[in-house]
Amino acid sequence: MTDLSIPHILRQEIRARRFRAPTTGVGGDALQANLVILPEAEASAFLRFAQANPQPIPLLAVSEPGAVALPSLGQDIDLRYDLPRYRVWHEGVLTEEPEEIAALWRPDLVSFAIGCSFSFEAALAKAGLPLRHQEAGRNVPMYRTTLATRPSGAFHGPVVVSMRAMPAAAAIEAVQICAHMPLAHGAPVHLGDPAQIGITDLMQPDYGDAPVIEPGDIPVFWACGVTPQAAILAARPAFAITHAPGYMLVTDIAADQAERHLRGVHGL
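So in my numbering the end of the sequence shown lands on 585, straight run, no missing numbers.
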């Protein structure tokens, strides 16, 4: 039986199109990444936007133009094939969701790997905290909010959040665990009443699947790496590629070692 807890094996299964599901609960304790790919002409503006919004858009790696690899995140990564599903945008309009993007690749494309909340789920599970979406075999629910990003150039828009419902005591422990993982969005941005951040119907997420909420649970919201997709809707670049929400790049880096690893790679 294929061991999907080993990142490079999981990527091989994705590349062979044998694994096509959301990546929550797979890849072991590996750091997972959202993906934004833009033409070089748009890349500098997006880089400044990411740097201005480090909690929803924690940068893990930026490629050279045309490069399909991200060596700092894994030696055999090929960004054209190694996510289970992508999104393609033209003028800010979502036009398709392919399973690979080789035919769309161009020598001017710059790729941004962005931290993902799936990266802290193994730590929450190890602490015995509930992950209701995993238990139900669902993608995590994600919502557009009234929280605003800090604009940069044409890029602006709302912060998108992911939500995991859990008892209040578990939520407190989750805050403590995630505060030490800034490259996976860090501590939650909101707990409790979703209306306070502009979410009118918790059962109707903008992305992902409907949540599972047990009696006594409170909703806990983390900043989400789908935030750039809301910014792409607003900025309307001529061409962009992103991950499909919940379908991530799984790296070779242990999530709890990510900051130390990437500081060493980048000489910080």
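Every residue gets a Cβ at the ideal spot worked out from N, C-alpha and C, and that includes glycine.
Exposure of residue i, with buried meaning 16 or more beta-carbon neighbours within 10 Å
| i | result |
| --- | --- |
| Ile489 | exposed |
| Arg335 | exposed |
| His497 | exposed |
| Thr340 | buried |
| Pro382 | exposed |
| Gln513 | exposed |
| Asp320 | exposed |
| Met520 | exposed |
Close-in-space but distant-in-sequence residues of the same chain around residue i (CB under 6 Å, 5 per side omitted)
| i | result |
| --- | --- |
| Asp346 | Ala439, Ala571 and Ala572 |
| Gly266 | Since the first and last residues shown for the chain are 318 and 585, residue 266 lies out of range. |
| Gly342 | Gln451 |
| Ala378 | Leu387, Ser389, Leu390 and Ala430 |
Inter-residue spacing [alpha-carbon to alpha-carbon] between residue i and residue j
| i | j | result |
| --- | --- | --- |
| Gln329 | Thr568 | 12 Å |
| Ala465 | Phe472 | 12 Å |
| Pro499 | Trp539 | 11 Å |
| Ile374 | Phe435 | 14 Å |
| Arg337 | Gly454 | 14 Å |
| Gly584 | Leu400 | Below a pLDDT of 50, predicted positions are generally treated as unreliable, and Gly584, at 44, falls in that range; no measurement from the model is reported. |
| Phe366 | Met318 | 43 Å |
| Gln392 | Ile331 | 16 Å |
| Ile418 | Gly515 | 34 Å |
| Ala384 | Ala491 | 36 Å |
| Ile535 | Pro484 | 6 Å |
| Gln574 | Ala350 | 15 Å |
Rounded Cβ spacing between residue i and residue j (contact assumed at less than 8 Å)
| i | j | result |
| --- | --- | --- |
| Leu396 | Ser361 | Contact doesn't hold; Cβ gap of about 19 Å is too wide. |
| Val476 | Met459 | Their Cβ separation, rounded to whole angstroms, is 11 Å, which puts Val476 and Met459 out of contact at 8 Å. |
| Val506 | Arg481 | That belief does not hold up - the Cβ atoms of Val506 and Arg481 are roughly 13 Å apart, past 8 Å. |
| Glu414 | Arg402 | 6 Å |
| Cys433 | Ala504 | Contact flag wrong, Cβ pair sits at about 15 Å. |
| Leu352 | Thr559 | 6 Å |
| Ala486 | Ile354 | The pair is not a contact, with the Cβ atoms about 41 Å apart (cut-off 8 Å). |
Close beta carbons around residue i, own chain, < 7 Å, minus the five adjacent residues each side
| i | result |
| --- | --- |
| Gly474 | Thr466, Ala547, Ala548, Leu550 and Ala551 |
Helix, strand or coil at residue i [DSSP, three-state]
| i | result |
| --- | --- |
| Glu414 | coil |
| Ser469 | strand |
| Val478 | strand |
| Val405 | strand |
| Ala350 | strand |
| Ser436 | helix |
Other residues of its chain near residue i: CB distance less than 8 Å, five sequence neighbours each side excluded
| i | result |
| --- | --- |
| Glu408 | Arg553, Pro554 and Ala555 |
| Pro522 | Pro458, Met459, Tyr460, Met480 and Pro528 |
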